[in-house]
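> One structure follows; several queries about it will come next.
Numbering (my numbering), first residue to last: 4 to 291.
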């Protein structure tokens with residue numbers, strides 16, 4: 004799961020555990036992995052860090068972007084920056100970069116990894132995870148381990164550092180986000196992913212919650228925001244529910260927040276809900 008630093012409901016976070024929401028499809032590297040290959044993994048997956056494991060998937064450390072660019076070698080930082088830039092254009096490295104990369108080709112993950120990484124137990128609460136991210140902002144993702152220190156998942160944050168402060172009714176946004184996250188967790192089977200994003204796009208603030216859950220049947224999508232609506236495929240799996248949540252959220256977004264709400268869904272693949280709010284609705288009122 005991807006966590007955001009903003010707008011989480013504290014009561015719900017205390018109830019949910021990391022095991023309920025963590026991403027179980029973990030990308031990792033070995034201590035013997037060449038540093039260049041590990042750098043490519045970080046870039047291609049857009050990760051800030053990856054767990055370092057042994058053949059039994061036991062955690063040995065973590066490799067982060069910070070580890071890559073803080074090595075003492077004078078060639079280290081510029082070479083990796085050039086490699087990252089070139090990877091954005093082509094899947095391979097041009098000849099000029101190959102020569103420079105050869106200078107650090109003998110380095111492996113073991114040479115630069117952090118051998119004492121922060122970890123979370125699967126029983127940890129979401130509140131504990133958010134607190135850890137706030138206290139250690141450079142650590143992303145955080146490996147989730149079992150009692151034998153084997154990596155069983157990861158949890159990471161995603162947020163727009165350029166967002167800055169906004170002027171808004173925190174209670175309203177908490178209600179909207181809580182509804183989206185609650186539905187996403189409830190309607191996503193074990194091993195799925197729930198992603199929460201908050202960022203600025205142009206003149207708007209975008210709140211986006213995506214899941215890899217059951218999705219909504221195409222024939223029913225026109226009624227998603229109707230009072231008492233619950234999808235047929237959802238009612239079969241989870242009988243409990245009022246069907247009022249999305250109806251009330253849409254009213255709140257339209258009439259109170261002053262934004263727009265939309266969604267995209269495919270049955271069996273998941274759903275994404277998006278709330279778009281103009282920045283003009285989030286600026287501090289001028290003093291008389």
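Backbone N, C-alpha and C fix where the C-beta goes; we use that ideal spot for every residue, glycine too.
The model shown is predicted, which means the values in this text are computed figures rather than measured ones.
(1) I'd like the span of the alpha helix (DSSP H) that includes residue 114, first residue to last.
(2) Cα-Cα, which of 42, 35, 260 and 60 is closest to residue 28?
(3) Compute the beta-carbon to beta-carbon distance between residue 255 and residue 208, rounded to the nearest angstrom, for a pair I have assumed lies under 8 angstroms.
(4) From the DSSP output, in three-state form, read off residue 204 for me.
(5) Roughly how many whole angstroms lie between the Cα atoms of residue 269 and residue 220?
(6) In angstroms, rounded to a whole number, what distance separates the CA positions of residue 216 and residue 273?
(7) Assuming residue 114 contacts residue 38 (C-beta within less than 8 angstroms), just tell me the rounded distance between them.
(8) Where residue 250 and residue 67 are concerned, what is the direct C-alpha to C-alpha distance, given to the nearest angstrom?
(9) Residue 120 and residue 156: beta carbons closer than 8 angstroms?
(10) Locate the alpha helix (DSSP H) running through residue 184, then write down its first and last residues.
(11) For residue 223, tell me which candidate among 234, 230, 213 and 214 has the shortest Cα-Cα distance.
(12) Taking the alpha-carbon positions, what's the residue 266 to residue 183 distance?
(13) So who's on the other strand from residue 210, going by DSSP bridges?
(14) Mind reading off the beta-carbon distance from residue 282 to residue 225? Whole number of angstroms is fine, and I expect it under 8 angstroms.
(15) Assign residue 31 to one of two classes, buried (16 or more other C-beta atoms within 10 Å of its C-beta) or exposed (fewer than that).
(16) Taking all protein chains shown into account, do 16 or more other C-beta atoms lie within 10 angstroms of the C-beta of residue 214, making it buried, or fewer, making it exposed?
(17) Specify, as a first and last residue, the run of the beta strand (DSSP E) that residue 35 falls within.
(18) Among 276, 189, 280 and 253, which residue has its Cα nearest to the Cα of residue 238?
(19) Closest to residue 212 by CA distance: which of 176, 261, 58 and 132 is it?
(20) With burial defined as no fewer than 16 other Cβ atoms inside 10 Å of the residue's Cβ, what is the status of residue 292: buried or exposed?
(21) Can you grab the Cα-Cα spacing for the pair residue 42 / residue 173, in whole Å?
Answer, in terms of the structure:
(1) Looking up residue 114 in the chain shown gives position 111. First-last of the alpha helix (DSSP H) with residue 114: 112 to 115.
(2) Counting from one through the chain shown, the residue named residue 28 turns up at place 25. Of the candidates 42, 35, 260 and 60, the one whose C-alpha sits nearest the C-alpha of residue 28 is 60.
(3) Here residue 255 refers to the residue found at position 252 of the chain shown. Here residue 208 refers to the residue found at position 205 of the chain shown. 15 angstroms between Cβ atoms; not a contact.
(4) Counted from its first residue, the chain shown places residue 204 at position 201. It is a strand residue.
(5) The residue given as residue 269 occupies position 266 in the chain shown. The residue given as residue 220 occupies position 217 in the chain shown. Whole-angstrom Cα-Cα distance: 7 angstroms.
(6) Here residue 216 refers to the residue found at position 213 when the chain shown is read from its first residue. Here residue 273 refers to the residue found at position 270 when the chain shown is read from its first residue. So the two alpha carbons sit approximately 4 angstroms from each other.
(7) If you number the chain shown from 1, residue 114 lands on position 111. If you number the chain shown from 1, residue 38 lands on position 35. So it is a contact: roughly 7 angstroms between Cβ atoms.
(8) By 1-based counting over the chain shown, the position of residue 250 is 247. By 1-based counting over the chain shown, the position of residue 67 is 64. Roughly 43 angstroms separates the two Cα atoms.
(9) What you label residue 120 is simply residue 117 of the chain shown in a count that begins at 1. What you label residue 156 is simply residue 153 of the chain shown in a count that begins at 1. No, Cβ-Cβ distance for residue 120 and residue 156 is not below 8 angstroms.
(10) Translated into the one-based positions of the chain shown, residue 184 becomes position 181. Counting along the chain, the alpha helix (DSSP H) containing residue 184 begins and ends at 173 to 189.
(11) By one-based count along the chain shown, residue 223 stands at place 220. Taking only the C-alpha atoms, the option nearest residue 223 is 234.
(12) Indexing the chain shown from 1 puts residue 266 at position 263. Indexing the chain shown from 1 puts residue 183 at position 180. Taking the straight line from one Cα to the other gives about 11 angstroms.
(13) As a working note, residue 210 is residue 207 in the chain shown. DSSP lists 201 and 278 as partners of residue 210.
(14) Position 279 of the chain shown, counted from the first residue, corresponds to residue 282. Position 222 of the chain shown, counted from the first residue, corresponds to residue 225. That belief does not hold up - the Cβ atoms of residue 282 and residue 225 are roughly 30 angstroms apart, past 8 angstroms.
(15) One-based indexing of the chain shown puts residue 31 at position 28. Looking at its Cβ environment, which holds 16 or more other Cβ atoms inside 10 Å, residue 31 is buried.
(16) Position 211 of the chain shown, counted from the start, is the residue given in the question as residue 214. With 16 or more other Cβ atoms within 10 Å, it is buried.
(17) As a first step, residue 35 is located in the chain shown; it is residue number 32 there, counting from the start. No beta strand (DSSP E) contains residue 35, which DSSP labels as neither H nor E.
(18) The residue labelled residue 238 in the question sits at position 235 within the chain shown. Taking only the C-alpha atoms, the option nearest residue 238 is 189.
(19) Here residue 212 refers to the residue found at position 209 of the chain shown. Looking at the Cα atoms, 176 is the closest of the given residues.
(20) As displayed, the chain neither begins before 4 nor continues past 291, which places residue 292 out of reach and without an answer.
(21) As a first step, residue 42 must be located in the chain shown, where it is residue number 39. As a first step, residue 173 must be located in the chain shown, where it is residue number 170. The straight-line gap from Cα to Cα measures roughly 39 angstroms.
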